[in-house]
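Comments concern the structure below.
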Amino acid sequence: MAKHEQSPSVQPQSAQRRPIRQLQLGIVLVLITLLLAWFGPMLAQHDPRTPSYIVWNPRTATFVKPPFAPLLVPGFPLGTDALGRDLLSRLLWALRPTLTVVFFAATLRLCIGLLVGLAAGWSSRRWAQIFDSVIAVALTVPVLLVALFTVAALGIQWGVWAF
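Heads up: the sequence shown begins at 12 in my numbering, then just goes up one per residue.
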């Protein structure tokens with residue numbers, strides 16, 4: 012064996028220190044989303060529930076009625092809906108409750124998965140196989156299909172809380 016041979020498991024130091032670009036991008040996007048959820052209501056120019064009926068457009072020197080197209084009328088960068096409510100304000104105000112629902116849904120799924128995993132791991136081999144089969148069947152069902160059936164069964168008035 013030669014003196015300078017390295018084992019195949021040893022990597023050069025540059026390969027070990029290389030940053031993972033996708034991870035960095037994901038962290039930046041999550042931080043931006045959290046900052047917008049925290050400070051978004053302060054950045055919103057309009058009340059998300061107040062309609063704008065008629066607005067003066069200085070570019071065309073005319074009055075415009077809703078819905079406003081994006082960037083057509085100053086003060087409404089994303090435009091408005093059919094009732095004249097600012098879409099940017101609605102998005103900024105909706106981030107906080109949306110992230111709250113996401114957090115609780117993820118926490119609930121984590122707890123259920125932890126309990127099922129612990130039960131499968133500490134039970135007998137037969138029960139572990141049953142748990143494994145039930146989990147395999149549950150993973151084959153599309154989540155969107157379950158969501159549609161749940162909303163259809165409970166009614167649309169439950170909205171997000173149906174999940």
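Even for Gly, the Cβ is constructed at its ideal location relative to N, Cα and C.
The model shown is predicted, which means the values in this text are computed figures rather than measured ones.
Coil, strand or helix - residue i by DSSP
i	result
VAL66	strand
THR61	coil
ASP143	helix
GLN56	coil
PRO11	Examination of residue 11 is not possible in this model, given that the chain is present from 12 through 174 alone.
ALA80	coil
VAL39	helix
ARG29	coil
VAL152	coil
GLY86	coil
GLY51	helix
GLY124	helix
GLY166	coil
Residue burial classification, residue i (beta-carbon count within 10 angstroms, cutoff 16)
i	result
VAL75	buried
VAL84	buried
PHE114	exposed
Counterpart residues of residue i in DSSP-defined beta bridges
i	result
PHE74	TRP67
ASP97	THR91
Contacting residues, own chain, Cβ-Cβ under 7 Å from residue i (five flanking each side not counted)
i	result
ASP92	PRO78 and LEU98
Close beta carbons around residue i, own chain, < 6 Å, minus the five adjacent residues each side
i	result
LEU106	LEU47, ALA48 and GLY51
GLY90	PHE79, ALA80, PRO81 and LEU98
Mind the definition here: the region 57-64 touches the region 95-102 only if three or more C-beta pairs lie below 8 Å; say whether that holds.
In this structure the region 57-64 lies against the region 95-102, because at least three pairs of beta carbons, one per stretch, are closer than 8 Å.
Three or more C-beta pairs below 8 Å linking the region 142-160 and the region 120-134
yes
Specify whether the region 40-52 and the region 101-112 touch according to this definition: at least 3 beta carbon pairs, one from each stretch, less than 8 Å apart.
yes
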